[in-house]
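For the protein sequence lines, the chains are G and U, in the order given.
Offset between the first sequence (1-based) and this note's numbering: plus 1.
Offset between the second sequence (1-based) and this note's numbering: plus 158.
Everything below concerns the one structure shown next.
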Amino acid sequence: MRNYIKKKISLISFLFIPIIYFWDPSWLKFLGVQPYWPLFWLLPWSMIYGPFDGLIIGLILGLILDSLSVDSSFTQIPGLIFCGLWFGKLSISKYSFEEHLRFGLICSIASFFCGSLYFFQILIKYWSDHVIFLYLTSIQNIFAQVFITGLLAPLLCSLLLKLFQTSKGRDKLTNFID
Amino acid sequence: MVDIRRISTNRWWHKKNNWGLFIFLLFLFFVRISKGSLYKDFYYLISKPFWPGQFQREVLTKSVEQEFLIRLKQVEKDNKRLREILSLQRLSDSESISANVISRKTGSFWRQIILNKGTKDGVEIGSFVVGPGGLLGRVDNASLLTSTVKLLTSPESKVGVWVERIQMHGLLVGSGNDYPKVIFYNKDIDIKVGDFVLSSPASTLLPPNIPIGIIQSVDEEFKSKKTANILLLGKPQAIDWVQILKVEI
Numbered sequence: 002m003r004n005y006i007k008k009k010i011s012l013i014s015f016l017f018i019p020i021i022y023f024w025d026p027s028w029l030k031f032l033g034v035q036p037y038w039p040l041f042w043l044l045p046w047s048m049i050y051g052p053f054d055g056l057i058i059g060l061i062l063g064l065i066l067d068s069l070s071v072d073s074s075f076t077q078i079p080g081l082i083f084c085g086l087w088f089g090k091l092s093i094s095k096y097s098f099e100e101h102l103r104f105g106l107i108c109s110i111a112s113f114f115c116g117s118l119y120f121f122q123i124l125i126k127y128w129s130d131h132v133i134f135l136y137l138t139s140i141q142n143i144f145a146q147v148f149i150t151g152l153l154a155p156l157l158c159s160l161l162l163k164l165f166q167t168s169k170g171r172d173k174l175t176n177f178i179d
Numbered sequence: 159m160v161d162i163r164r165i166s167t168n169r170w171w172h173k174k175n176n177w178g179l180f181i182f183l184l185f186l187f188f189v190r191i192s193k194g195s196l197y198k199d200f201y202y203l204i205s206k207p208f209w210p211g212q213f214q215r216e217v218l219t220k221s222v223e224q225e226f227l228i229r230l231k232q233v234e235k236d237n238k239r240l241r242e243i244l245s246l247q248r249l250s251d252s253e254s255i256s257a258n259v260i261s262r263k264t265g266s267f268w269r270q271i272i273l274n275k276g277t278k279d280g281v282e283i284g285s286f287v288v289g290p291g292g293l294l295g296r297v298d299n300a301s302l303l304t305s306t307v308k309l310l311t312s313p314e315s316k317v318g319v320w321v322e323r324i325q326m327h328g329l330l331v332g333s334g335n336d337y338p339k340v341i342f343y344n345k346d347i348d349i350k351v352g353d354f355v356l357s358s359p360a361s362t363l364l365p366p367n368i369p370i371g372i373i374q375s376v377d378e379e380f381k382s383k384k385t386a387n388i389l390l391l392g393k394p395q396a397i398d399w400v401q402i403l404k405v406e407i
């Protein structure tokens with residue numbers, strides 16, 4: 002059983018992303034904003050499996066998260082696809098203090114990119130109503146998310162990267178994607 | 159010489175009784191001038207231990223509450239009858255559904271709560287959700303066991319509202335933060351901080367006169383529009399129990 006879980010750790014942890022998305026622990030919030038959870042999983046996974054798999058899993062993640070959200074006019078897919086592709090091109094270096102900080106920086110940039118893409122979708126949708134200035138205050142959400150995502154990324158990404166590297170379930174997951 | 163001494167000892171101020179009378183008269187004069195305030199204050203002090211107690215206050219409060227409830231029921235009946243005559247939106251007669259908040263996303267751009275009641279319990283899409291304080295949002299999605307509520311703060315939320323004091327309609331728009339905005343399509347309105355915002359009596363989506371919030375600040379007018387920030391009365395980030403109410407169409 003233990004070996005089975007070890008093999009499938011990437012798939013099991015993937016299934017937990019929507020659960021964490023729903024759970025939304027209040028003690029992990031900054032200015033009422035929680036971290037952008039999918040990035041913590043997507044970064045180590047794409048770093049191990051490469052840009053193409055990263056792109057596909059980014060698309061799947063986006064589809065799942067969009068279906069969990071009630072905002073049907075906006076999508077998280079473009080941001081997550083781009084991040085999957087980008088993360089896949091990053092190389093894994095030796096574990097060091099700088100590597101942990103690198104995870105934080107990468108996740109902060111990715112969070113900023115995804116948040117901005119989402120924000121621009123809102124602006125574009127309401128551009129014609131001449132009320133876009135109403136939404137400018139929500140820029141705060143982007144920066145709060147960047148901060149809290151960057152803060153937690155070194156811990157969570159390093160942990161998941163270690164787990165994924167030791168797991169043997171790569172073939173199963175990639176077969177499932179292909 | 160002897161006569162002079164006798165006269166001086168017989169002056170009125172040399173007699174104790176006269177002084178007593180003088181002080182008493184002075185006291186009466188003071189009572190008259192102050193309209194008995196000294197007496198009233200004294201009575202306040204000595205009667206304090208015998209005032210109507212907490213129990214009596216509770217009994218009276220309960221009676222007043224009951225009176226208000228009866229009046230409210232009567233007003234609701236009248237309101238329902240009149241709205242039927244005018245063929246306007248009204249609340250369903252069936253009981254509301256109490257639900258527990260099992261997930262909440264009240265930060266960032268995604269603003270929704272998930273309730274532990276779904277289609278199995280009779281929840282319908284479009285039902286509105288109220289919590290302590292007032293309106294929270296509308297049911298946007300319902301599964302067998304759960305329902306998802308789009309909060310008023312969501313960027314996609316748009317609700318017609320009514321400002322009671324100035325008798326004006328506005329559009330409540332979620333802006334992706336905790337303070338949604340009301341847009342008034344008239345720049346000359348006299349909107350003030352502290353005005354109550356209710357659901358619009360003319361809304362086709364919501365029942366009328368549900369408390370929503372209070373005007374927190376008024377922005378500068380822009381292109382013949384006036385906007386104001388709203389402090390919501392219902393706090394979705396803190397509420398654990400809500401009521402799902404159906405709207406009869």
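Where is the CB? At the ideal position from N, CA and C, for every residue including glycine.
DSSP state of SER27/G mapped onto helix, strand, coil:
Along the first sequence, one-based indexing puts residue 27/G at 26. In the three-state reduction of the DSSP assignment, SER27/G falls in the helix class.
Buried or exposed (CB count within 10 angstroms, at least 16 for buried), ALA257/U
For this step, residue 257/U is matched to residue 99 along the second sequence. Buried.
Once you ignore the five residues that flank ASN367/U on each side, which residues in its own chain have a CB closer than 8 Å to its CB?
The residue given as residue 367/U occupies position 209 in the second sequence. So the list reads TRP320, LEU356, SER357, PRO359, once near-sequence residues are dropped.
LYS275/U, DSSP secondary structure in three states:
Position 117 of the second sequence, counting from 1, holds the residue named residue 275/U. Of the three classes helix, strand and coil, the one that applies to LYS275/U here is coil, per DSSP.
Please compile the residues from chain G whose C-beta is within a distance smaller than 8 Å of the C-beta of LYS339/U.
Within the second sequence, the letter at position 181 stands for residue 339/U. Those within 8 Å of LYS339/U in chain G are LEU135.
Rounded C-beta distance between LEU309/U and THR264/U? I'm assuming under 8 Å.
As a first step, residue 309/U must be located in the second sequence, where it is residue number 151. As a first step, residue 264/U must be located in the second sequence, where it is residue number 106. 7 Å between Cβ atoms; contact.
Interfacial residues, the stretch 112 to 128 of chain G to chain C, with Cβ spacing under 9 Å
In the structure shown, chain C does not exist; the protein chains are G and U.
Proximal chain G residues relative to LYS308/U, where beta-carbon distance stays under 9 Å:
The residue given as residue 308/U occupies position 150 in the second sequence. Among the residues of chain G, those whose CB is under 9 Å from the CB of LYS308/U are VAL71, ASP72, following chain order.
Ends of the alpha helix (DSSP H) at LYS163/G?
Here the question's residue 163/G lines up with position 162 in the first sequence. Element bounds for LYS163/G: 140 to 167.
With VAL400/U and LEU364/U assumed to form a contact (beta carbons below 8 Å), what rounded beta-carbon distance in angstroms separates them?
Mapped onto the second sequence, residue 400/U falls at position 242. Mapped onto the second sequence, residue 364/U falls at position 206. Not a contact, Cβ separation roughly 15 Å.
The stretch 22 to 53 of chain G: which residues have C-beta closer than 9 Å to a C-beta of chain U, in chain order?
TYR22, PHE23, TRP24, ASP25, SER27, LYS30, PHE31, LEU32, GLY33, VAL34, GLN35, TYR37
Cβ of GLN401/U less than 8 Å from any chain G Cβ?
Taking the first residue of the second sequence as 1, we reach residue 401/U at position 243. No, GLN401/U does not count as interfacial toward chain G.
C-alpha gap between TRP177/U and VAL217/U, whole angstroms:
Residue 177/U sits at position 19 when you count from the first residue of the second sequence. Residue 217/U sits at position 59 when you count from the first residue of the second sequence. Spanning the two alpha carbons is a distance of roughly 53 Å.
Count the other C-beta atoms from every protein chain shown that fall within 10 angstroms of the C-beta of PHE17/G, then say buried if there are 16 or more, exposed otherwise.
The residue you call residue 17/G lines up with position 16 of the first sequence. Exposed, since its Cβ has fewer than 16 Cβ neighbours within 10 Å.
Report the three-state DSSP secondary structure of PHE354/U (helix, strand or coil).
By 1-based counting over the second sequence, the position of residue 354/U is 196. The answer is strand: DSSP assigns PHE354/U an E or B state.
Out of curiosity, what's the CA-to-CA distance linking PHE114/G and VAL222/U?
Residue mapping note: residue 114/G aligns to position 113 of the first sequence, counting from 1. Residue mapping note: residue 222/U aligns to position 64 of the second sequence, counting from 1. Distance between the alpha carbons of PHE114/G and VAL222/U is about 59 Å.
Could you tell me whether the stretch 142 to 153 of chain G touches the stretch 100 to 118 of chain G, using the rule of 3 or more Cβ pairs below 8 Å?
The stretch 142 to 153 of chain G is in contact with the stretch 100 to 118 of chain G.
Hey, how far is the Cα of LYS339/U from the Cα of LYS383/U?
Numbered from its first residue, the second sequence carries residue 339/U at position 181. Numbered from its first residue, the second sequence carries residue 383/U at position 225. About 12 Å.
Compare the Cα-Cα distances from SER261/U to each of GLY392/U, LEU273/U, SER361/U, PHE226/U and report the closest residue.
Residue numbering aside, residue 261/U sits at position 103 when the second sequence is read from its first letter. Checked all of GLY392/U, LEU273/U, SER361/U, PHE226/U; the closest Cα to SER261/U is LEU273/U.
Coil, strand or helix - LYS173/U by DSSP
Counted from its first residue, the second sequence places residue 173/U at position 15. In this structure, LYS173/U counts as coil in the three-state DSSP scheme.
With 8 Å set as the bound, which would you pick, yes or no: does the beta-carbon of SER139/G sit closer than that to a beta-carbon of chain U?
Along the first sequence, read from residue 1 onward, the residue named residue 139/G stands at position 138. Yes, SER139/G lies at the interface with chain U (some Cβ there is under 8 Å from its Cβ).
Buried or exposed: PHE177/G, going by 16 or more other Cβ atoms within 10 Å of its Cβ?
One-based indexing of the first sequence puts residue 177/G at position 176. Confidence at PHE177/G is low in this model, with a pLDDT of 48, below 50, so its placement is unreliable and the value that follows should be read with caution. PHE177/G is exposed by the Cβ-count criterion.
Does any CB atom of chain G fall closer than 8 Å to the CB of VAL331/U?
Residue 331/U sits at position 173 when you count from the first residue of the second sequence. Between VAL331/U and chain G, the shortest Cβ-Cβ separation is below 8 Å.
Which value, in whole angstroms, describes the spacing of the CA atoms of SER182/G and GLY280/U?
This structure cannot speak to residue 182/G, because chain G is shown only from 2 to 179.
Which residues share a DSSP beta bridge with GLN401/U?
Numbered from 1 along the second sequence, position 243 holds the residue referred to as residue 401/U. Per DSSP, SER256/U, VAL288/U.
If you follow the beta strand (DSSP E) that PHE342/U is in, where does it begin and where does it stop?
Position 184 of the second sequence holds residue 342/U. First-last of the beta strand (DSSP E) with PHE342/U: 339 to 342.
Can LYS404/U and SER315/U be called in contact, C-beta distance under 8 Å?
Your numbering for residue 404/U matches position 246 in the second sequence. Your numbering for residue 315/U matches position 157 in the second sequence. Their beta carbons are not under 8 Å apart, which means LYS404/U does not touch SER315/U by this criterion.
Taking LEU60/G as the reference, give the member of LEU43/G, ILE49/G, TYR50/G, ASP72/G with the closest Cα.
In the first sequence, counting from the first residue as 1, residue 60/G sits at position 59. Selected option, being the one with the closest Cα: LEU43/G.
List, in chain order, every chain U residue whose beta-carbon is nearer than 7 Å to that of GLN166/G.
Position 165 of the first sequence, counting from 1, holds the residue named residue 166/G. What GLN166/G touches in chain U: nothing, since even the nearest Cβ is about 31 Å away.
Residue environment, ALA386/U, which counts as buried when at least 16 other CB atoms sit within 10 Å
In the second sequence, residue 386/U corresponds to position 228, counting from 1. Looking at its Cβ environment, which holds 16 or more other Cβ atoms inside 10 Å, ALA386/U is buried.
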